Amino acid sequence: MTSARFDPPADLDRLNKRALTVGAVAAAASAAGLFLDRTQFFQSYLIAWLFWMGIAMGGLGTMMLSHMTGGAWGLMIRRVFEAGTRTLPALVALFLPILFGLDDLFVWARPEAAADPLIQVKAWYLNQPFFALRAAAYFAIWGVFGWALLRLSRRQDETADPGLVRKMQSLAGPGLGIYGLTATFASVDWLMSLDPHWYSSLFGVYFIGGQAVSAIAFAILMVAFLSNREPMQSAYRPQHIHDYGSLLFAFILLWSYFGLSQFLIIWMGNLSEETVWYLHRQQHGWQWVSLALVLFHFAVPFILLLSRRRKRNVKALAKVAILLLVMHWVDLVWQAGPAFSDHFSFHWLDLTTLVAVGGLWLAAFTVALRKRSLLPVGEPYLEEALNA
Amino acid sequence: MSDKRRTDVSTEILAKPPIVGPGHTAGSVTDKISEVVLARTPKWWFPAFGASFLLLNLLLLALAKLLFEGPGIWGLNIPVGWGFAIINFVWWIGIGHAGTLISAILLLLRQPWRTSINRFAEAMTLFAVACAGIFPLIHVGRPWLAYWLLPYPNTMQLWPQFRSPLLWDVFAVSTYATASLLFWYVGLIPDMATLRDRTRKRFKQILYGFLAMGWRGSARHWHNYETAYLLLAGLATPLVISVHTIVSFDFAVGQIPGWHATIFPPYFVAGAIFAGFAMVLTLSVPLRKVFNLEDFITQRHIQNMAKVMLATGLIVAYGYMVEIFMAFYSGNQYEEFMILNRIQGPYRVQWHLLLLCNVLAPQLIWVRKVRRTPWMVWVVAMFVNVGMWLERFVIVVTSLHRDFLPSSWGMFHGTFWDWATFIGTIGLFLSLLFLFLRFLPMISIFEMRTIVPEPDAHLELDGHGGDE
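Respectively, the protein sequence lines represent chains A and B. Numbered by my numbering, the letters in the first sequence go through residues 85 to 472 in order. Numbered by my numbering, the letters in the second sequence go through residues 2 to 469 in order.
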């Protein structure tokens, strides 16, 4: 009855083509970089891939959270998260190059690791076959939950069966728990083990917190894009936008809380095997990156989002969301970078790989988004959410 | 399927169970809740309060003994210099957190079902904080000098160590106690006025009238009241996080394996909420039965609280898992030994019981039948109460008793006086609780009135009702 009301706008095709073109050009440039500076290519590529993967999979996690809690906010952006979930095959394909650069990226994957007794102790976990096997397991698990939820969602569109709400809810509960678990190990594999001596039990939670920030920030940008044109122009109300602003605020606070806790405990414990990680981030230019994180990933957005008016205005909120997406990328650079180089520096490959993965990913995302209506039309709570 | 039939099915499946039993009006709610306070004391109250009061006296005895003889009467010694006092402190302060979460965070999250449980959950918070506050005071050894913990200019020119989380604890816990008391009392004011107006006894009229601070229920009163209540809720919200974060820092900033873990802050906060909801369930399941309040504390309340307990329990289980994984991943022999010592060492029974109580038992909540049967939820909650005490025991004792040097290893056993103090605080908690149930409305009367469904006279006029 209402399905035609929320058909995707034609502009999505234009966005798709543009993303594909820009992505392809950047990919060609990055490929050239692979031959010019192989190690630099993989280092930049890993960060770029983690950034876009975090947006998509953080979105899967946030979507499962919204299935559990219910409420208009999740319903109004569910299609953004669902489209992100459907990019998983593309993300897996984009992950494959990393497997060819393991010894460029990870100290533990190099032959000289045999001379390091501590890495030898960890070899049961940090070895190439097990690394690839674990990555396959994460993708499989995320894929199963994403696929099952998408299948239920499609059935809901077709039949409008109200019982499906509860089914999605009972799938999302265990799904969220298992996502937290797998993402924790993924964070150890893909980021923490770059510095194979270092460990912190909070790291996984911090990683997931960052993903949540970037996922909701990206969703806000999509809301800003969609609410600029029909049919969604009339669907989004200030009340919905306010919820996204509050959610972004909450996730920023959570991320900051994790970051501060980890820092404070390591600083006060003052054990050399742990403080070394922060010492690398306090010198040779990295200290400015650290300071930028505190200021622009926490303090400035915190103050900006205190304003009720800004939280209710999608254009103003979108600016804060852009700031946070940039800062989330800086956060990943900050976590990975000092393992690659003592001195902070910026390489053109950092930018081209980010644009390349991003363009290709965004193309996959827009294809997925344009396939279905922009709101879950079979949802029994839809009318209620639209009138919120 | 026709549209009409679909709507019927959807209302049937999606309709949420009510948060108030059917047939209640503003008047019947007021009668029912104030009756508990204004009617004659029920017979069972005397033995129940008497037993609690007896335990309270055990506490006084244990404290007197402590003051005469010193902390030597406890099982503390090197290497286990922190024992029951810290375990009990963390256990009690954690229990308090559910009250603040229910009253402040659920209010800000617009969850109307909190209304019938927030009052006694807040009372529980206060009494738990009172019990918790005793332990650091007596643990300092010379409680009459405890004011040295406060930073004040003195002739000795001594200042406390501002970098120590133990000092932050002093500020955090005293702020928490103050804010909780204010929040609870402000919430009580309109109900005090109700009791003042309904009681026939002169003494009670004066007492409740005094406590109602001249409340007349004017529009201006209500306006100021709502503002104050929201502000206090906003102030109390960060306290849910900060207090237990600082408690976790007490351990985590040290260097002992088993204490020094970065996951501690979020995992302690989740553990506190976990323990707190278990205690709210432990109290509310019997209370609704005894006072016939099943219409107000409904099955849905029990179920929602059980779900929060399960969710926070899973975060706690995640904390255990990450700790174990990191111990092996770190390649640090002391970390690894600490975990193996918990699993196989002399305190292995406590560790395995802890997993049974905190990780396995809550999984029963996944089963719909269990979370919809109050007594089953109650049993799970009891497991969690025990489990959270054991968790703190395992963290405090097993980490300390075998540290880096095998020559300094030792064992810790709680003495009679350790147990007497702990059980005595349970007596204090229950005594305060029974007094509260007898003299104050355990459910917020005026807030309940607002969630009673009313026949809406404007239904036809304002265009929201009717078929579209």
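Where is the CB? At the ideal position from N, CA and C, for every residue including glycine. Keep in mind it's a predicted model, so treat the numbers as computed, not measured.
Determine the contact status of residue i and residue j, defining contact as a CB-CB distance below 9 Å.
{"i": "Gly-84(B)", "j": "Gly-415(B)", "result": "yes"}
{"i": "Asp-251(B)", "j": "Pro-166(B)", "result": "yes"}
{"i": "Leu-453(A)", "j": "Asp-91(A)", "result": "no"}
{"i": "Leu-416(A)", "j": "Leu-134(A)", "result": "yes"}
{"i": "Phe-128(B)", "j": "Phe-430(B)", "result": "yes"}
{"i": "Ala-470(B)", "j": "Ala-99(B)", "result": "Within the shown structure, residues of chain B are numbered from 2 to 469, placing residue 470(B) beyond reach of any answer."}
{"i": "Tyr-290(A)", "j": "Ser-271(A)", "result": "yes"}
{"i": "Met-411(A)", "j": "Val-254(B)", "result": "no"}
{"i": "Ala-334(A)", "j": "Ile-139(A)", "result": "no"}
{"i": "Ile-131(A)", "j": "Thr-437(A)", "result": "yes"}
{"i": "Pro-385(A)", "j": "Val-404(A)", "result": "yes"}
{"i": "Thr-283(B)", "j": "Trp-376(B)", "result": "no"}
{"i": "Leu-389(A)", "j": "Gly-329(A)", "result": "yes"}
{"i": "Tyr-362(A)", "j": "Leu-159(A)", "result": "no"}
{"i": "Trp-339(A)", "j": "Gly-293(A)", "result": "yes"}
{"i": "Met-193(B)", "j": "Trp-169(B)", "result": "no"}
{"i": "Phe-223(A)", "j": "Leu-175(A)", "result": "yes"}
Does DSSP classify residue i as helix, strand or coil?
{"i": "Tyr-321(B)", "result": "helix"}
{"i": "Thr-243(A)", "result": "helix"}
{"i": "Ala-256(A)", "result": "helix"}
{"i": "Thr-86(A)", "result": "Here the model assigns Thr-86(A) a pLDDT of 49, short of 50, so the residue's position is not dependable, and the following value carries that caveat. Here Thr-86(A) sits in coil by DSSP."}
{"i": "Ala-185(B)", "result": "The residue asked about is misnamed: residue 185(B) is Trp in this sequence, not Ala. Helix."}
{"i": "Asn-386(B)", "result": "helix"}
{"i": "Arg-120(B)", "result": "helix"}
{"i": "Met-443(B)", "result": "coil"}
{"i": "Gln-323(A)", "result": "helix"}
{"i": "Phe-347(A)", "result": "helix"}
{"i": "Gly-214(B)", "result": "For clarity, residue 214(B) is Met in the given sequence; the question names Gly instead. Three-state DSSP puts Met-214(B) in coil, outside helix and strand."}
{"i": "Leu-453(A)", "result": "helix"}
{"i": "Ser-298(A)", "result": "helix"}
{"i": "Lys-202(B)", "result": "coil"}
{"i": "Arg-394(A)", "result": "helix"}
{"i": "Glu-337(B)", "result": "helix"}
{"i": "Val-453(B)", "result": "coil"}
{"i": "Ala-267(A)", "result": "helix"}
{"i": "His-427(A)", "result": "coil"}
{"i": "Asp-9(B)", "result": "Annotation note: pLDDT 47 at Asp-9(B) (below 50); position unreliable, no value reported."}
{"i": "Gly-284(A)", "result": "Reading off the sequence, residue 284(A) comes out as Ser, not Gly. Ser-284(A) falls in the coil class under three-state DSSP."}
{"i": "Ile-79(B)", "result": "coil"}
{"i": "Gly-73(B)", "result": "helix"}
{"i": "Met-412(B)", "result": "coil"}
{"i": "Asp-415(A)", "result": "helix"}
{"i": "Pro-464(A)", "result": "coil"}
{"i": "Val-21(B)", "result": "coil"}
{"i": "Lys-290(B)", "result": "helix"}
{"i": "Ala-472(A)", "result": "coil"}
{"i": "Ser-219(B)", "result": "coil"}
Taking 9 Å as the threshold (beta carbon to beta carbon), is residue i in contact with chain C?
{"i": "Glu-324(B)", "result": "Going by chain labels, chain C is absent from the structure shown, which instead holds the protein chains A and B."}
What distance in whole Å lies between the Cβ atoms of residue j and residue i, which are believed to be in contact at a cut-off of 8 Å?
{"i": "Phe-90(B)", "j": "Pro-137(B)", "result": "6 Å"}
{"i": "Phe-278(B)", "j": "Ile-444(B)", "result": "Not a contact, Cβ separation roughly 18 Å."}
{"i": "Ile-303(B)", "j": "Val-30(B)", "result": "The Cβ separation is near 19 Å, so there is no contact."}
{"i": "Gln-351(B)", "j": "Leu-391(B)", "result": "5 Å"}
{"i": "Ile-161(A)", "j": "Val-307(A)", "result": "6 Å"}
{"i": "Asn-359(B)", "j": "Val-317(B)", "result": "6 Å"}
**Study point:** Contiguous alpha helix (DSSP H) assignments of at least 4 residues, all confined to the region 154-234 of chain A
**Key:** If only complete runs of 4 or more residues are kept, the region 154-234 of chain A shows the alpha helix (DSSP H) at 156-169, 172-184, 186-189, 201-205, in order along the chain.
**Study point:** Complete beta strand (DSSP E) runs within the region 225-284 of chain B (minimum length 3 residues, chain order)
**Key:** For the region 225-284 of chain B, not a single whole beta strand (DSSP E) run of length 3 or above is found.
Check your understanding: In the region 90-133 of chain A, which residue ranges form an unbroken alpha helix (DSSP H) of at least 4 residues, counting only runs that do not cross its ends?
Key -> The region 90-133 of chain A contains these whole alpha helix (DSSP H) runs: 95-120.
Check your understanding: Does the region 249-262 of chain A come within contact of the region 180-190 of chain A, defined as at least 3 CB pairs closer than 8 Å?
Key -> At 8 Å Cβ cutoff, the stretches do not touch.
**Study point:** Every unbroken alpha helix (DSSP H) within the region 345-374 of chain B, with a cutoff of 4 residues, ordered by chain
**Key:** Here the runs fully enclosed are 349-356, 369-372.
Review point. At which residue ranges does the region 132-167 of chain B contain complete alpha helix (DSSP H) runs of 4 or more residues, listed in the order of the chain?
Key: The qualifying runs do not exist here; there are none.
Check your understanding: Is the region 348-365 of chain B touching the region 248-263 of chain B, taking contact as three or more C-beta pairs under 8 Å?
Key -> No, the region 348-365 of chain B is not in contact with the region 248-263 of chain B.
Practice item. Give a yes or no on contact between the region 173-183 of chain B and the region 235-243 of chain B, applying the rule of three or more CB pairs nearer than 8 Å. Key: At 8 Å Cβ cutoff, the stretches touch.
Check your understanding: How about the region 418-430 of chain A and the region 198-210 of chain A: do they share at least three Cβ pairs that are nearer than 8 Å?
Key -> Contact between the region 418-430 of chain A and the region 198-210 of chain A is not established, with fewer than three Cβ pairs separated by less than 8 Å.
Point to revise | Meets three-Cβ-pair contact criterion under 8 Å: the region 358-370 of chain A and the region 381-400 of chain A | key: Between the region 358-370 of chain A and the region 381-400 of chain A, the count of C-beta pairs closer than 8 Å stays below three; the two stretches do not touch.
Review point. Using 8 Å as the Cβ pair cut-off and three pairs as the minimum, do the region 433-442 of chain B and the region 45-59 of chain B touch?
Key: The region 433-442 of chain B and the region 45-59 of chain B touch, with no fewer than 3 CB-CB distances between them shorter than 8 Å.
Practice item. Decide if the region 137-153 of chain A is in contact with the region 260-271 of chain A; the criterion is three or more beta carbon pairs, one per stretch, under 8 Å apart. Key: Output reads yes: the region 260-271 of chain A touches the region 137-153 of chain A.
Practice item. Report yes or no: do three or more beta-carbon pairs, one from the region 100-112 of chain A and one from the region 436-450 of chain A, lie closer than 8 Å? Key: The region 436-450 of chain A and the region 100-112 of chain A touch, with three or more beta-carbon pairs separated by less than 8 Å.
Exercise for review: Would you check if there are 3 or more beta carbon pairs closer than 8 Å linking the region 148-158 of chain B to the region 335-342 of chain B?
Suggested key: With the cut-off at 8 Å, the region 148-158 of chain B and the region 335-342 of chain B do not touch.
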